[in-house]
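Residue numbers (the numbering used here): 5 to 289. Even for Gly, the Cβ is constructed at its ideal location relative to N, Cα and C. Bear in mind that the values here come from a model prediction, so they are computed numbers and not experimental data. Below you'll find the structure, written out as structure tokens, and then a few comments.
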Amino acid sequence: MQGCKKVVSIQDISGLGRCSLTVVIPVLSAMGIQVCPVPTAVLSAHTGYSEFVMRDLTDFMKPALEHYKKMDMKFDCVYSGFLASSEQIDHCLEFFEAFPDALKVVDPVMGDGGKAYKTYTKELCSRMVELVKVADIITPNLTEAAILLGEEYPTASMRSSEIKSWLVRLSKQGAKIVVITSVNLADGGMSTVGYDKENNSFWKIKNDYVPAHYSGTGDMFTSVLIGGLLKGDSLPIAMNRATAFTELTVKTTYSYQTPWTDGLMLEGQLPWLTSYQELRDYTNL
Numbered sequence: 005m006q007g008c009k010k011v012v013s014i015q016d017i018s019g020l021g022r023c024s025l026t027v028v029i030p031v032l033s034a035m036g037i038q039v040c041p042v043p044t045a046v047l048s049a050h051t052g053y054s055e056f057v058m059r060d061l062t063d064f065m066k067p068a069l070e071h072y073k074k075m076d077m078k079f080d081c082v083y084s085g086f087l088a089s090s091e092q093i094d095h096c097l098e099f100f101e102a103f104p105d106a107l108k109v110v111d112p113v114m115g116d117g118g119k120a121y122k123t124y125t126k127e128l129c130s131r132m133v134e135l136v137k138v139a140d141i142i143t144p145n146l147t148e149a150a151i152l153l154g155e156e157y158p159t160a161s162m163r164s165s166e167i168k169s170w171l172v173r174l175s176k177q178g179a180k181i182v183v184i185t186s187v188n189l190a191d192g193g194m195s196t197v198g199y200d201k202e203n204n205s206f207w208k209i210k211n212d213y214v215p216a217h218y219s220g221t222g223d224m225f226t227s228v229l230i231g232g233l234l235k236g237d238s239l240p241i242a243m244n245r246a247t248a249f250t251e252l253t254v255k256t257t258y259s260y261q262t263p264w265t266d267g268l269m270l271e272g273q274l275p276w277l278t279s280y281q282e283l284r285d286y287t288n289l
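Right under this line is the structure:
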């Protein structure tokens with residue numbers, strides 16, 4: 005029997021509000037993949053709450069890496085998410101360099117809804133490009149894609165030709181695969197779009213619009229995408245799976261009128277990841 009795939013996940017962990025590691029660990033575990041967390045910070049509640057206490061763990065990251073190198077560990081994927089400082093980006097780059105055979109995934113968490121998060125300085129946003137350059141896969145939302153490209157956030161719907169241009173331009177920064185979430189297409193509605201540079205293929209998955217925003221949505225999408233790819237999914241099937249599961253949990257959470265700060269009610273939905281899944285249609289973009 006083949007052992008579990010192992011994913012190093014470099015991001016924070018919060019006591020209140022499902023996001024980052026409290027989403028990544030259960031989702032990938034449900035998909036049969038072991039998560040090896042490298043926490044960048046511990047928070048009583050995520051930064052969307054009006055108050056929280058935090059313990060920065062930047063000083064933990066390098067010793068953890070040195071320990072893994074000493075043990076001659078092998079990982080199938082190194083996955084970075086929310087980062088709190090320029091120094092943490094340096095440590096992520098060291099992790100990517102230390103495990104060259106691992107799939108390198110960067111979720112360039114910087115903002116949403118057209119605005120950068122309050123913890124993200126201009127320096128931190130500009131340095132995110134350094135991670136993108138060495139990544140195999142990046143999964144920005146539309147806000148983060150605009151930041152990476154130095155573009156204004158599009159308040160109107162985008163034409164397919166426009167978003168295809170963005171995908172190609174982002175891939176030229178380094179990644180082989182680019183997936184952008186939360187894209188409102190003029191000819192396709194709310195969608196997730198992807199580009200595979202190696203075979204020059206563009207993909208689109210439509211999703212239903214829900215009038216709500218929840219913390220951890222991007223973490224969930226990227227985690228399911230990684231899980232699918234590590235288990236042998238093609239890019240459009242992995243995108244499809246990630247979109248369907250995220251939409252399921254968003255709709256469930258919305259039906260209970262859960263506060264957005266609580267994040268997505270994923271606990272009762274995890275069995276979907278290991279059951280028969282009727283996936284939606286995917287199309288070329």
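May I ask which residues mark the beginning and end of the alpha helix (DSSP H) holding residue i?
i, result
"Tyr72", "Thr62 to Lys74"
"Ser227", "Thr221 to Leu234"
"Ser54", "Segment: none, Ser54 is in no alpha helix (DSSP H) and carries neither H nor E."
"Cys96", "Ser90 to Ala102"
"Val27", "Leu25 to Ala34"
"Thr159", "Run containing Thr159: none; DSSP gives neither H nor E here."
What's the gap between the Cα of residue i and the Cα of residue j?
i, j, result
"Thr196", "Glu55", "33 Å"
"Asn211", "Gly198", "14 Å"
"Asp266", "Pro43", "20 Å"
"Leu333", "Asp94", "Given a span of 5 to 289 for the chain in the structure shown, any question on residue 333 remains unanswerable."
"Asp3", "Asp237", "No information on residue 3 is available, as it lies outside the stretch 5 to 289 that the chain covers here."
"Lys108", "Phe100", "7 Å"
"Asp16", "Cys96", "13 Å"
"Ile14", "Gly85", "6 Å"
"Asn204", "Arg59", "43 Å"
"Met5", "Lys235", "Residue placement at Met5 cannot be trusted, given a pLDDT of 44 that sits under 50; what the coordinates show is reported in the next sentence. Near 14 Å, if we compare the C-alpha coordinates of Lys235 and Met5."
"Arg22", "Lys255", "16 Å"
"Glu98", "Met75", "16 Å"
"Ser161", "Gly118", "13 Å"
"Trp207", "Lys137", "22 Å"
"Thr159", "Leu289", "20 Å"
"Gly193", "Val187", "8 Å"
"Val214", "Glu156", "24 Å"
"Glu202", "Leu239", "12 Å"
Grab me the residues of residue i's own chain with a C-beta within less than 6 Å of its C-beta, minus the 5 sequence neighbours each way, in chain order.
i, result
"Gln38", "Cys8 and Lys10"
"Val182", "Ile142, Leu171, Leu174, Ser175 and Tyr199"
"Ser227", "Val28, Val31 and Leu32"
Short of 7 Å in beta carbon distance, which residues of its chain neighbour residue i, apart from the five on each side in sequence? Order them along the chain.
i, result
"Thr123", "Thr51 and Ala88"
"Ala242", "Leu229, Gly232 and Leu233"
"Ser90", "Glu127, Leu128 and Arg131"
"Ala139", "Lys108, Val109, Val110, Gly178 and Ala179"
"Ala120", "Met114, Cys129 and Ile151"
"Ser18", "Ser24, Thr26, Leu47, Ala49 and His50"
Going along the chain, which residues of its own chain have a beta-carbon closer than 8 Å to the beta-carbon of residue i, five neighbours each way excluded?
i, result
"Leu274", "Pro30, Val31 and Ala34"
"Ala102", "Leu69, Tyr72 and Lys73"
"Pro191", "Inspection of the sequence shows that residue 191 is occupied by Asp rather than by Pro. Within the same chain, Asp191 has close Cβ partners Arg163 and Ser164."
"Leu283", "Ile241, Asn244, Arg245 and Ala248"
"Thr105", "The identity of residue 105 in the sequence shown is Asp, whereas the question assumes Thr. Around Asp105: Lys78."
Could you tell me the boundaries of the beta strand (DSSP E) in which residue i lies?
i, result
"Trp207", "Ser205 to Lys210"
"Cys40", "Ile37 to Ala49"
"Ser16", "The residue you asked about is not Ser; residue 16 is Asp in the sequence shown. Note, Asp16: beta strand (DSSP E), Lys9 to Leu20."
"Met132", "Careful: Met132 lies outside any beta strand (DSSP E), inside the alpha helix (DSSP H) at Lys126 to Val138."
"Tyr258", "No beta strand (DSSP E) holds Tyr258; the alpha helix (DSSP H) holding it covers Leu239 to Ser259."
"Ser169", "Taken as a continuous stretch (DSSP letters only), Ser169 belongs to no beta strand (DSSP E), being part of the alpha helix (DSSP H) at Ser164 to Ser175."
"Leu107", "Leu107 to Val110"
"Ser186", "Ile181 to Leu189"
"Thr196", "Gly193 to Asp200"
"Val113", "Per DSSP, Val113 belongs to no beta strand (DSSP E) and is neither H nor E."
Pull up the CB-CB distance for residue i and residue j, whole angstroms please, since I reckon it's below 8 Å.
i, j, result
"Val27", "Asp223", "4 Å"
"Ala49", "Leu20", "4 Å"
"Tyr280", "Ile209", "That pair is no contact at about 19 Å."
"Pro1", "Ile142", "Limits of the chain in this structure are 5 at one end and 289 at the other, which puts residue 1 out of reach."
"Val12", "Cys40", "5 Å"
"Leu174", "Leu153", "7 Å"
"Thr185", "Phe225", "6 Å"
Step through the CB atoms of chain C and report whether any lies within less than 8 Å of the CB of residue i.
i, result
"Lys108", "Checking the listed chains, one finds no chain C in this structure; it contains a single protein chain."
Tell me whether the region 126-133 and the region 163-170 touch, counting them as touching only if at least three CB pairs, one residue from each stretch, are closer than 8 Å. no
Within 8 Å, do at least three Cβ pairs link the region 213-223 to the region 177-184? no
Within 8 Å, do at least three Cβ pairs link the region 258-270 to the region 57-66? no
Would you check if the region 131-151 and the region 250-257 touch, i.e. whether three or more CB-CB distances between them fall below 8 Å? Judged by Cβ distances under 8 Å, the region 250-257 makes no contact with the region 131-151, as fewer than three pairs qualify.
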